[in-house]
Structures are given as C-alpha cells and as structure tokens.
Amino acid sequence: MKDEFEPLLLEFYDDLRMVESKAAQTAETYLLAAEQLCLWCKEKQHSIKNLDVHLLTEYFAVRSLGADEQTVAKDISALRSFGSFLCRKQIWPQNHCLLLQKPRLTRALPRVLTVEQIELLLESIDVSNPLGIRDRALFELIYSSGLRISEVSSLLMANMHIDDRLLWVRGKGDKERMVPFGDEAVRWMTRYLDDARPALVNGKNVPWVFVTRRGEHFSRKGIWKRFHELEEMCGLNAKVHTLRHSFATHLLAGGADLRSVQELLGHADLSTTQIYTHITDDELESYHRQFLPDVAGHNDKTD
Numbered sequence: 092m093k094d095e096f097e098p099l100l101l102e103f104y105d106d107l108r109m110v111e112s113k114a115a116q117t118a119e120t121y122l123l124a125a126e127q128l129c130l131w132c133k134e135k136q137h138s139i140k141n142l143d144v145h146l147l148t149e150y151f152a153v154r155s156l157g158a159d160e161q162t163v164a165k166d167i168s169a170l171r172s173f174g175s176f177l178c179r180k181q182i183w184p185q186n187h188c189l190l191l192q193k194p195r196l197t198r199a200l201p202r203v204l205t206v207e208q209i210e211l212l213l214e215s216i217d218v219s220n221p222l223g224i225r226d227r228a229l230f231e232l233i234y235s236s237g238l239r240i241s242e243v244s245s246l247l248m249a250n251m252h253i254d255d256r257l258l259w260v261r262g263k264g265d266k267e268r269m270v271p272f273g274d275e276a277v278r279w280m281t282r283y284l285d286d287a288r289p290a291l292v293n294g295k296n297v298p299w300v301f302v303t304r305r306g307e308h309f310s311r312k313g314i315w316k317r318f319h320e321l322e323e324m325c326g327l328n329a330k331v332h333t334l335r336h337s338f339a340t341h342l343l344a345g346g347a348d349l350r351s352v353q354e355l356l357g358h359a360d361l362s363t364t365q366i367y368t369h370i371t372d373d374e375l376e377s378y379h380r381q382f383l384p385d386v387a388g389h390n391d392k393t394d
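Structure follows, in structure tokens:
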C-alpha cells in the first residue's frame with residue numbers, strides 16, 4: 092500500500108515476526124487484515140488514531156457481508172494483534188478490538204474422498220514426463236503422510252529419509268515432527284528423486300524436494316493450481332487439504348487410535364483430531380442404512 096499507512100503496516104509485520112514470534116504465513120494473514128482496515132479508513136476518511144469500537148463495528152458490518160464466520164473470526168484475531176501493536180506505539184490508549192465479539196463457529200465436517208476417488212485422481216496423472224512423475228510423487232506423499240500444502244512445499248531434501256520411509260516436517264508454529272510414508276509413496280518418490288528431479292533441476296543445487304519445470308521452488312500456489320487442474324479433469328470436488336482429511340479419516344476407519352493420528356497430523360489439541368471420528372461415525376451409519384435398510388428402521392420387540 093503506497094500511502095501514509097505503508098510504514099505503519101510494514102512496522103506491524105516486523106512486530107508480528109520479531110515481538111509476537113508469529114510464523115510468516117500467520118503474519119502475512121494478519122497484515123492483510125490490517126491492510127483491509129486501513130483501506131476502509133482511507134475510503135471513509137477516518138484516522139486510525141480516532142478509531143473506536145463503534146467505528147470498528149461499522150467496519151465489520153461491511154466486512155462480514157458475504158464472508159463466512161471463520162473468515163470474520165480470523166480477521167478479529169488479526170486486528171486484536173494490530174490493536175495491541177497500536178497500543179504499544181501509543182496510537183491507541185486501549186485495544187478497542189478486544190471489545191469485538193467473535194462469531195460462534197459451527198464446526199463443519201471436512202470433505203473426504205473415498206479410497207476409490209483418490210485412486211482415480213492419482214491414476215489420472217500422466218507420468219510419461221518428469222513433471223507428471225513429480226505430481227504423482229507429490230500427491231502420493233501428501234495422502235500417505237497427511238501433510239499440509241505448506242509442509243510439502245517447504246520440504247527440504249535434507250529432511251527426506253527415503254530409505255527409512257520418514258520425513259522431518261516443519262508444521263504450524265515452526266513445530267517439527269517425524270512422519271512415516273507408505274509403499275506407494277516410496278515407489279513414486281524414488282522414481283521422482285532418481286529420474287525426474289535431476290532432469291528438472293539440471294545440475295543446480297536446490298534445497299527443496301519439489302521443484303518446478305525450471306528447477307525452482309514449487310510454491311503452495313503452484314501446487315494448489317496443479318491440484319485444481321487434476322480435480323477438474325476427474326470431476327471431483329476437492330482441495331489439496333482434502334487429501335490430508337482423507338488420510339486421517341481412512342486411518343481411523345482402519346483402526347488407528349486417535350492419539351497416533353494426532354501425532355501424525357501435528358495437531359496441538361486432540362479436539363482438532365476428534366472431528367475425524369464424526370466422519371467415520373457418519374460413514375458407518377450410512378453403510379448401515381445402505382446394507383441393512385429394514386433392520387435400521389425396524390423396532391424389534393423380541394430379544
């Protein structure tokens with residue numbers, strides 16, 4: 092933002108990274124929320140210094156139009172950090188954003204693909220060229236290990252232990268964890284690392300595991316775009332993160348215990364992992380209705 096707000100916003104970003112120790116992705120999200128507020132102030136000719144809870148409420152009344160509850164809640168969290176920063180700068184006498192009421196979130200069940208749908212997606216990839224082999228290895232690894240898109244994008248060669256079938260992954264809050272991966276991922280990762288990746292990097296020393304056709308870092312945006320192409324080609328309604336949801340759900344359906352799945356996913360709170368138990372419960376109920384319709388609706392009078 093090339094105006095009077097730019098120095099303040101740049102300082103806010105530095106404050107998030109240095110003082111509050113926020114991860115880069117979180118800091119960028121918070122910065123965007125603060126920038127949106129500044130744009131609104133400019134449009135309405137309000138000074139940041141003169142903002143109060145009434146003006147902030149007015150802003151969120153406009154901001155929340157067409158936005159879901161989670162987006163509004165994230166914006167309020169971001170602006171609470173911005174308010175704290177403004178207080179430290181003595182621009183605000185108190186953090187007005189703390190008075191904003193977060194919307195009550197309704198936790199929706201995440202979308203999950205069946206094993207057959209995942210096979211359809213993966214087998215649709217043309218592996219007759221280095222980029223196709225990269226894509227197959229990439230999405231096999233995400234599904235086999237339950238990785239986030241940011242985790243697989245930032246995965247380093249130094250943290251890839253293919254002989255041991257293990258990865259060192261840096262997750263949210265820069266927390267590291269060790270994650271195993273299965274036979275099919277091993278097979279495609281071996282083919283990628285032995286043949287396709289050397290052809291893509293062309294002798295360059297590139298630290299990241301997954302690279303572009305030019306041998307450069309394969310960004311989160313690039314991975315998302317490639318997955319979207321595959322999704323449309325297969326006629327599926329999914330996101331890259333759906334592979335992570337499917338990984339967790341299929342593990343639990345196969346008998347894995349909740350604590351183990353929590354560790355594999357890198358969830359700080361077990362309650363976050365518990366949402367996948369509801370998915371498997373719903374699936375079981377669906378199967379029961381499908382295969383035992385008479386029994387499901389029958390009220391037995393005998394033991």
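Residues in the sequence shown are numbered consecutively from 92, following this note's numbering. No residue lacks a Cβ here, since even glycine has one placed at the ideal position from N, Cα and C. Here the structure is a predicted model, which means the values were calculated and not measured.
As an exercise, report each continuous beta strand (DSSP E) stretch of at least 3 residues that is fully enclosed by the region 114–155, in chain order.
Entirely contained in the region 114–155, not one beta strand (DSSP E) run reaches 3 residues.
In whole angstroms, what separates the C-alpha of proline 298 from that of cysteine 178?
Approximately 41 Å between the Cα atoms of the pair.
Under a Cβ-count criterion, where at least 16 other Cβ atoms within 10 Å of its own Cβ denotes burial, should threonine 363 be classed as buried or exposed?
Counting Cβ neighbours within 10 Å, threonine 363 comes out exposed, since fewer than 16 surround it.
Nearest to leucine 130 by alpha carbon, out of Leu100, Leu107, Asp105, Arg261?
Nearest option by C-alpha distance: Leu100.
To test your reading of the DSSP string, which unbroken alpha helix (DSSP H) runs of 4 or more residues are found completely within the region 268–310?
Qualifying alpha helix (DSSP H) stretches, in chain order: 274–282, 288–292.
Can you tell me the Cβ-Cβ gap for arginine 171 and leucine 189, rounded? I've got them flagged as a contact below 8 Å.
That pair is a contact at about 6 Å.
From valine 300 to methionine 251, what does the alpha carbon distance come to, in whole angstroms?
Answer to the nearest angstrom: the Cα atoms are 8 Å apart.
Just mark glycine 262 as buried or exposed, buried being the case when its beta carbon has 16 or more other beta carbons within 10 Å.
So glycine 262 counts as buried.
Kindly give me the distance between the Cβ atoms of phenylalanine 272 and arginine 256, rounded to whole angstroms, as I take these residues to be in contact under 8 Å.
Indeed, because the Cβ distance is near 6 Å, the residues count as touching under 8 Å.
According to DSSP, is valine 386 part of a helix, a strand, or is it coil?
Bear in mind that the predicted position of valine 386 carries a pLDDT of just 41, short of 50, making it unreliable; the figure below should be weighed with that in mind. If DSSP states are grouped into helix, strand and coil, valine 386 belongs with the helices.
Using three-state DSSP, classify histidine 358 as helix, strand or coil.
Coil at histidine 358, not helix or strand.
So what's valine 260 in DSSP terms, helix, strand or just coil?
Valine 260 falls in the strand class under three-state DSSP.
Suppose the cutoff is 7 Å on Cβ atoms and the five residues either side in sequence are ignored; what does the same chain contact list for glycine 264 look like?
For glycine 264, where only same-chain residues beyond five positions count, the Cβ hits under 7 Å are Ala114.
Can you give me the Cβ contacts of proline 384 inside the same chain, cut-off strictly under 7 Å, excluding the 5 residues immediately before and after it?
Because the pLDDT of proline 384 is 49, which lies under 50, any placement of that residue in the model is unreliable, and the number read from its coordinates should be weighed accordingly. For proline 384, where only same-chain residues beyond five positions count, there are no Cβ hits under 7 Å.
Considering Cα atoms alone, identify which of Asp166, Ala158, Arg108 is closest to leucine 123.
If we check each option's Cα against that of leucine 123, Asp166 comes out closest.
What does the alpha-carbon distance come out to for the pair lysine 140 and isoleucine 182?
Taking the straight line joining both Cα atoms gives about 6 Å.
Would you report the Cα separation of valine 331 and arginine 288, rounded to the nearest angstrom?
Whole-angstrom Cα-Cα distance: 21 Å.
CB-CB under 6 Å to glycine 357, same chain, minus the five flanking residues each way: which ones, in chain order?
Here the set comprises Gly262, Arg268.
Using 8 Å as the threshold, is the region 200–207 in touch with the region 273–293, meaning 3 or more CB pairs across them?
Not touching, per the Cβ criterion.
What is the DSSP secondary structure of leucine 212, reduced to helix, strand or coil?
Leucine 212: helix per DSSP, three-state reduction.
With three or more beta-carbon pairs closer than 8 Å as the criterion, would you say the region 344–355 touches the region 211–224?
No: the two stretches stay apart, fewer than three of their Cβ pairs being nearer than 8 Å.
Between the region 311–319 and the region 234–253, do three or more beta carbon pairs fall short of 8 Å?
Yes: the two stretches touch, three or more of their Cβ pairs being nearer than 8 Å.
So who's on the other strand from leucine 247, going by DSSP bridges?
Answer is Trp299.
Using a Cβ-Cβ cutoff of less than 7 Å, which residues in the same chain neighbour glutamate 111 once the five nearest sequence positions on both sides are dropped?
Within the same chain, glutamate 111 has close Cβ partners Ser172.
Closer than 6 Å by C-beta to arginine 239: which residues in its own chain qualify, once you throw out the five before and the five after it? Chain order, please.
So the list is empty, once near-sequence residues are dropped.
Going by beta-carbon coordinates alone, are leucine 284 and valine 302 separated by less than 8 Å?
The answer is no: Cβ separation not under 8 Å.
Roughly how many whole angstroms lie between the Cα atoms of glycine 388 and proline 201?
For glycine 388, the pLDDT reaches just 43, beneath the cut-off of 50, and the residue's location in the model is therefore unreliable, although a value from the coordinates is still provided. Going from the Cα of glycine 388 to the Cα of proline 201 covers about 28 Å.
Please return the same chain residues whose Cβ sits closer than 7 Å to the Cβ of leucine 355, not counting the five positions on each side in sequence.
Answer for leucine 355: Gly237, Val270, listed in chain order.
Looking only at DSSP bridge pairs, what is histidine 341 linked to?
DSSP, once it has assigned bridges, lists no residue as partnering histidine 341.
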